[in-house]
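*Asks:*
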Amino acid sequence: MDKLLITGGRPLAGEVRVSGAKNAALPIMCAALLTEQSLRLDNVPRLMDVRTMGKILALMGVEVGAQDNGHLELRAREIKDPTAGYELVKTMRASVMVLGPLLARCGRAKVSLPGGCGIGARPVDQHIKGLQAMGAEIVLEHGYMNASAKKLKGARIVMDVVTVTGTENLLLAATLAEGVTLLENAAREPEVVDLANCLKAMGAKIEGAGTQTIHIEGVRTLSGAAHRVMPDRIETGTFLAAVAAAGGKVKLTGAAPDSLASTVEKLKEAGVKITAGGDWLEAEMTGRPRSVSLTTAPYPGFATDMQAQLMAMNCVAKGKAEITETIFENRFMHALELQRLGADIQIHGNTAMVTGVDKLQGATVMATDLRASASLVVAGLVAQGETLIDRIYHLDRGYESLEKKLSGLGVRIARIK
Ligand code: UD1
953 MDKLLITGGR
963 PLAGEVRVSG
973 AKNAALPIMC
983 AALLTEQSLR
993 LDNVPRLMDV
1003 RTMGKILALM
1013 GVEVGAQDNG
1023 HLELRAREIK
1033 DPTAGYELVK
1043 TMRASVMVLG
1053 PLLARCGRAK
1063 VSLPGGCGIG
1073 ARPVDQHIKG
1083 LQAMGAEIVL
1093 EHGYMNASAK
1103 KLKGARIVMD
1113 VVTVTGTENL
1123 LLAATLAEGV
1133 TLLENAAREP
1143 EVVDLANCLK
1153 AMGAKIEGAG
1163 TQTIHIEGVR
1173 TLSGAAHRVM
1183 PDRIETGTFL
1193 AAVAAAGGKV
1203 KLTGAAPDSL
1213 ASTVEKLKEA
1223 GVKITAGGDW
1233 LEAEMTGRPR
1243 SVSLTTAPYP
1253 GFATDMQAQL
1263 MAMNCVAKGK
1273 AEITETIFEN
1283 RFMHALELQR
1293 LGADIQIHGN
1303 TAMVTGVDKL
1313 QGATVMATDL
1323 RASASLVVAG
1333 LVAQGETLID
1343 RIYHLDRGYE
1353 SLEKKLSGLG
1363 VRIARIK
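So the sequence shown is numbered by the working numbering: it starts at 953 and just counts up by one.
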């Protein structure tokens, strides 16, 4: 299993290009299931999760082209087998988003329940409830969701919790349902908007994506389209957090600054100088950051996917920070690993009290989930000596060429096979 070796203590300097957003690319790939025609995507990140989604679609009979320089073409001329099996679904929860489009296109689907996950329970009850409201019958048997519907019907669906992939699954399904669907208490994440934009390019009638109520008027068929996946706001934020912790000056290009206002605000509070233009951001930091407290919330609140990286920054900040996680109940696994680097963190329920220390020391640590791994990288950049991060397959799921990008910024980093 690959490991990353980071020798910390050097500020970051240079320019780096942000990749396309994983969390936008995955639901958009599922949109290919809704049409017989080709979906031509650009800015698709080269990531394990994208490959996993490609495999899941290919097993159903979707023609999945070779990924070349961000370009990926998908064509679901015919869906031979509307099934997503446990072996792949268990490795990536986002695969559950094939359920809605398969039901809409084929009238049936068999999708494995995703099961447990490192950061909490993560049920899919809202996905199921929404599809049932649209007339689907869903039976849970042998670990699978067996779903069928002669024709999905538009419905008013009020989601009990704000769920990103839940909103996306139902949005995908509603595009081909008969009549109007109203998704209320919908997730407002920019990735939902990006998916809606792709679906609109395919001929879907959608209004209100990015607000709490999405109005979808079902159409009979959708066509092929070309779509460019939005920039990854979490990758962008991770680089910004790295500059905040380790210091230096970095320009991020190919970014979407408007999509990460809450992160930028917190980092400015920490003392980072951030300037931004249409598609770039520049961050400059000298000296130690100031501690910043935060509470995660659905968009436009502070993203749970940035919590771990800001915790890492707070570990070396001046002062005390209170970090409250409200989205996932078990998302402080990184705190224990950060403690191995010398961090002072106390956990009480869903709140972590972080008292900044002058210095972290390199150690061997273990990545437990995607963003936890990113926080260990951020900490490793500023720790004295060598930090060896084990189980970095988590990082490969969600960060394109991370070590190449960081070494381009002057970081001493190596992948150990
Ligand atoms: C998505 C993101 C993930 C991010 C998360 C929260 C993708 C592929 N993944 O995950 O990176 O951390 O949003 O921003 O986009 N819930 C239920 N019932 C459901 C669905 C969710 O109770 O049917 C709960 C979850 O347990 C959690 C909360 O709702 O407490 C939010 O989860 P959700 O937004 O669904 O996360 P994901 O879409 O899985």
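Just so it is clear, CB atoms sit at the ideal spot from N, CA and C, and this is done for glycine as well.
Quick caveat, the model's predicted, so the values are computed rather than measured.
#1: Report all residues from its chain with a CB closer than 8 Å to the CB of His1346; omit the five preceding and five following residues, and keep chain order.
#2: With distances taken from CA atoms, which of Gly1360, Val1309, Ala1148 and Gly1052 is nearest Pro963?
#3: In chain order, what residues of the same chain lie with their CB nearer than 6 Å to the CB of Ser1100, ignoring the 5 residues before and after it?
#4: Just to confirm, is the Cβ distance from Gly951 to Thr1127 under 8 Å?
#5: Tell me whether Thr1247 counts as near the ligand UD1, meaning its Cβ is closer than 7 Å to at least one heavy atom of that ligand.
#6: Closer than 6 Å by C-beta to Gly1160: which residues in its own chain qualify, once you throw out the five before and the five after it? Chain order, please.
#7: How many Å lie between Arg1074 and Gly1118 at the Cα?
#8: What separation, rounded to the nearest whole angstrom, lies between the Cα atoms of Asp1020 and Pro997?
#9: Exposed or buried, what is Asp1310 when buried is set at 16 or more other beta-carbons lying within 10 Å of its beta-carbon?
#10: Should the region 1232 to 1244 be regarded as contacting the region 1281 to 1288, the criterion being three or more beta carbon pairs within less than 8 Å?
#11: Please determine, among Met981, Met1111, Met1000 and Ile1109, the residue with the shortest C-alpha to C-alpha distance to Leu1054.
#12: Find the nearest neighbour of Cys1267 within the set Leu1233, Ala1193 and Ala1228, judged by alpha-carbon distance.
#13: Compute the minimum distance between the beta carbon of Thr1117 and the heavy atoms of the ligand UD1, and state whether it is under 7 Å.
#14: Kindly indicate which three-state DSSP category His1286 falls into: helix, strand or coil?
#15: Say yes only if the C-beta of Val1063 is nearer than 7 Å to one or more non-hydrogen atoms of the ligand UD1, and no if none qualify.
#16: Quick one: does the C-beta of Ile1279 sit closer than 7 Å to a heavy atom of the ligand UD1?
#17: Could you tell me which of Thr1215, Arg1367 and Ala1228 sits nearest to Ala1249, measuring between CA atoms?
#18: My output table needs one value for Glu1217: the three-state DSSP class, helix, strand or coil.
#19: Inspect the beta-carbon positions of Lys1042 and Asn1098 and report whether they are closer than 8 Å.
#20: Can you give the Cα-Cα distance for Gly1037 and Leu1290, rounded to whole angstroms?
#21: For Thr987, which option in Val970, Met953, Asp954 and Arg1057 has the closest C-alpha, if you only look at C-alpha atoms?
#22: Counting along the chain, where does the alpha helix (DSSP H) carrying Asn1373 start and finish?
#23: Which term fits Val970, buried or exposed, when burial requires 16 or more other beta carbons within 10 angstroms of its beta carbon?
#24: Considering just the uninterrupted stretch of the alpha helix (DSSP H) at Val1334, what are its terminal residues?
#25: For Leu1204, does the three-state DSSP call read helix, strand or coil?
#26: Ends of the beta strand (DSSP E) at Thr1316?
#27: Report all residues from its chain with a CB closer than 7 Å to the CB of Glu1030; omit the five preceding and five following residues, and keep chain order.
#28: Which word fits Ala1366, buried or exposed, when buried means at least 16 other C-beta atoms lie within 10 angstroms of its C-beta?
#29: What is the residue span of the alpha helix (DSSP H) that Ser1064 lies within?
#30: Identify every residue that forms a DSSP beta bridge with Gly966.
#31: List the endpoints of the continuous alpha helix (DSSP H) containing Glu1355.
#32: Looking at the secondary structure, which residues open and close the beta strand (DSSP E) in which Gln1298 lies?
#33: How about Leu978: is its Cβ closer than 7 Å to a heavy atom in the ligand UD1?
#34: From Arg1185 to Leu1262, what does the alpha carbon distance come to, in whole angstroms?
#35: Say the cut is 7 Å; is the CB of Pro1075 nearer than that to a heavy atom of the ligand UD1?
#36: DSSP three-state label for Leu1123, please.
*Replies:* Taking the structure as given:
#1: For His1346, where only same-chain residues beyond five positions count, the Cβ hits under 8 Å are Ala1319, Thr1320, Asp1321, Leu1322, Ala1324 and Ser1325.
#2: Gly1360
#3: Arg1060 and Glu1089
#4: Because the chain is modelled from 953 through 1369, residue 951 falls outside the range shown and cannot be assessed.
#5: no
#6: If we look at Gly1160 and ignore the five residues flanking it on each side, its Cβ neighbours are Ile1166 and His1167.
#7: 11 Å
#8: 10 Å
#9: Exposed, by the Cβ-count rule.
#10: no
#11: Met981
#12: Ala1193
#13: yes
#14: DSSP places His1286 in helix when its eight states are reduced to three.
#15: no
#16: yes
#17: Thr1215
#18: helix
#19: Contact: no.
#20: Whole-angstrom Cα-Cα distance: 35 Å.
#21: Arg1057
#22: The question about residue 1373 has no answer here: the residues shown for the chain are numbered 953 through 1369.
#23: Burial call: buried.
#24: Leu1322 to Val1334
#25: strand
#26: Thr1316 to Met1318
#27: Residues of the same chain with a CB within less than 7 Å of the CB of Glu1030, apart from the 5 flanking positions on each side, are Gly1013 in chain order.
#28: Ala1366 sits exposed, since fewer than 16 C-beta atoms from the chains shown fall within 10 Å of its C-beta.
#29: Per DSSP, Ser1064 belongs to no alpha helix (DSSP H); it is in the beta strand (DSSP E), Arg1060 to Ser1064.
#30: Val1202
#31: Leu1354 to Gly1360
#32: Asp1296 to His1300
#33: Because some heavy atom of the ligand UD1 lies under 7 Å away, the Cβ of Leu978 counts as near it: yes.
#34: 14 Å
#35: yes
#36: helix
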